[in-house]
Each structure stands twice: as structure tokens, then as C-alpha cells.
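Trainee: Numbering (our numbering), first residue to last: 92 to 320.
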């Protein structure tokens with residue numbers, strides 16, 4: 092199992108049959124890349140849709156490099172908005188993801204669903220994830236397997252809390268969520284920062300995902316329009 096699948100469920104469908112595309116391309120897709128669409132879901136059907144590319148057939152497949160890109164984009168999404176738990180509306184601190192990756196398509200594509208939650212150990216969150224999992228199972232005709240395969244809760248120290256969603260992408264202070272001075276990265280239009288210092292300090296890591304993003308769309312959020320297409 093490659094690093095992408097192990098961390099996020101994103102699969103490189105190697106090998107891909109040679110030849111021209113065997114499906115219609117959407118306006119943003121590239122024939123020479125793995126086209127990934129990340130759909131983040133929060134309370135009241137708030138969503139962020141991020142479209143980006145990963146290497147398709149590198150000479151020496153490096154899943155670790157691609158997984159770092161996905162990791163940084165997910166980090167950017169978490170710090171893009173003050174997300175509320177998709178299942179109860181409480182402030183979100185955690186998330187989990189599932190992936191739909193059709194096989195045998197050329198060029199390859201993956202859709203990563205990211206569910207924001209207050210606490211992945213809470214029963215109401217697990218029940219909500221089960222309901223969503225059943226829907227995906229119908230689409231995939233049962234090929235996803237049990238929810239437990241996807242609901243991998245990272246170890247968390249007792250009484251420790253993860254950073255609040257929507258906080259500064261570098262310092263991750265909870266109080267920064269409520270600060271009106273937070274500004275988005277002008278490249279990806281996702282990550283919010285306290286200011287230039289935090290943005291500069293995070294850039295060595297942030298640039299891995301920032302330069303890969305094709306477009307960002309905010310859905311059911313006030314005062315947001317699609318960005319960078």
C-alpha cells in the first residue's frame with residue numbers, strides 16, 4: 092500500500108493504459124497529470140472545493156513527495172475558514188477523509204472527501220460518518236470496505252486539543268480565529284495568516300501545496316467567490 096493511500100486514501104492508479112484519454116476531460120483537468128478534487132464539508136452544507144494536480148507517471152514514482160503535497164493542501168483547507176463540525180455545528184478541530192478513485196480511466200482522477208468534526212471520538216460524529224460512508228458504498232458498489240478502514244483516528248494525548256480550524260496557518264492560536272486581520276495567501280487563496288511574518292515562516296512548507304492548486308471554490312459561505320481558475 093503506497094504512502095498516499097495509507098495517509099489519505101488517495102491512490103495513484105498505476106499503470107494507466109497508454110493512449111489518448113478514454114473519457115471526456117473537464118475544463119480544469121490535464122491529460123498528463125493525476126487530477127484531484129478535494130471536497131471539504133462542514134456544518135450547514137458549507138463546502139470548499141479545491142482542484143489540483145499530482146504527478147501521473149513519474150520516471151521514479153515518489154508517493155512520499157505527493158503525500159506531502161496532499162498533506163499541505165489539507166492543512167491549507169483546515170486553516171481557510173472557521174469550520175464548524177459537519178455533524179453538530181460545534182467548532183471543528185479534527186477531520187477525516189475518504190476517497191473515490193475510479194479505476195481504468197485515462198487520465199486518472201481522484202475525489203477526496205474531507206469531513207470536519209469537533210471530535211472524531213464522539214458517537215454523533217461516528218454515526219454521521221457512517222451515514223456518509225453508506226452513500227459512498229452505494230456509489231462504489233461496496234468496494235470501500237468497512238468504515239473502520241477509513242476512520243483512522245490519530246493518537247492524541249489525554250486532554251490535548253488539536254488546533255482550531257480557521258486559525259492562523261502557522262502559529263495556530265485559537266484566538267486568531269476571531270481576529271479580523273487574518274489575510275489569505277495570495278497564491279492559493281486558502282490559508283489564512285496573522286500577517287506577513289507568519290506567512291513567511293510557513294512558506295517553506297506551504298509552497299509545496301500552494302503551487303499545485305488550480306482553483307478554489309467556496310460554497311454556501313458568505314462573501315466568497317470562486318478563486319484562481
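Each residue gets a CB set at the ideal place from its N, CA and C atoms; glycine is no exception.
#1: Drop a sphere of 10 angstroms on the beta-carbon of residue 257, count the other beta-carbons inside from all chains shown, and report buried for 16 or more, exposed for fewer.
#2: If you pair each beta-carbon of the region 203-216 with each one of the region 279-290, do three or more pairs fall below 8 Å?
#3: Using three-state DSSP, classify residue 126 as helix, strand or coil.
#4: Decide if residue 147 is buried, meaning its Cβ has at least 16 other Cβ atoms within 10 Å, or exposed.
#5: Give the range of the beta strand (DSSP E) segment to which residue 308 is assigned.
#6: Could you round the C-beta distance between residue 164 and residue 129 to whole angstroms and report it? I think they count as a contact, below 8 Å.
#7: Which stretch, first to last residue, makes up the beta strand (DSSP E) that contains residue 268?
#8: I need the straight-line Cα distance from residue 151 to residue 259, nearest angstrom please.
#9: Should residue 176 and residue 139 be called a contact, given that it needs their Cβ atoms to be closer than 9 Å?
#10: Quick check for students: name the residue ranges of the beta strand (DSSP E) that lie wholly in the region 179-213, counting only runs of 3 or more.
#11: How many angstroms separate the CA atom of residue 189 from the CA atom of residue 262?
#12: Are residue 205 and residue 186 closer than 9 Å when you measure CB to CB?
#13: Please give the ranges of any alpha helix (DSSP H) in the region 277-303, keeping only runs that are unbroken, at least 4 residues long and fully inside the region.
#14: What distance in whole Å lies between the Cβ atoms of residue 300 and residue 167, which are believed to be in contact at a cut-off of 8 Å?
#15: In this structure, does DSSP put residue 221 in helix, strand or coil?
#16: Quick one: Cα of residue 228 to Cα of residue 203, how far?
Mentor: To lay it out plainly:
#1: buried
#2: no
#3: strand
#4: buried
#5: 304-310
#6: 7 Å
#7: Premise fails: residue 268 is in no beta strand (DSSP E) and is neither H nor E.
#8: Bear in mind that a pLDDT of 40 at residue 151, under 50, signals an unreliable position, so the model cannot answer this.
#9: no
#10: 185-191, 200-208
#11: 28 Å
#12: yes
#13: 287-301
#14: 6 Å
#15: helix
#16: 14 Å
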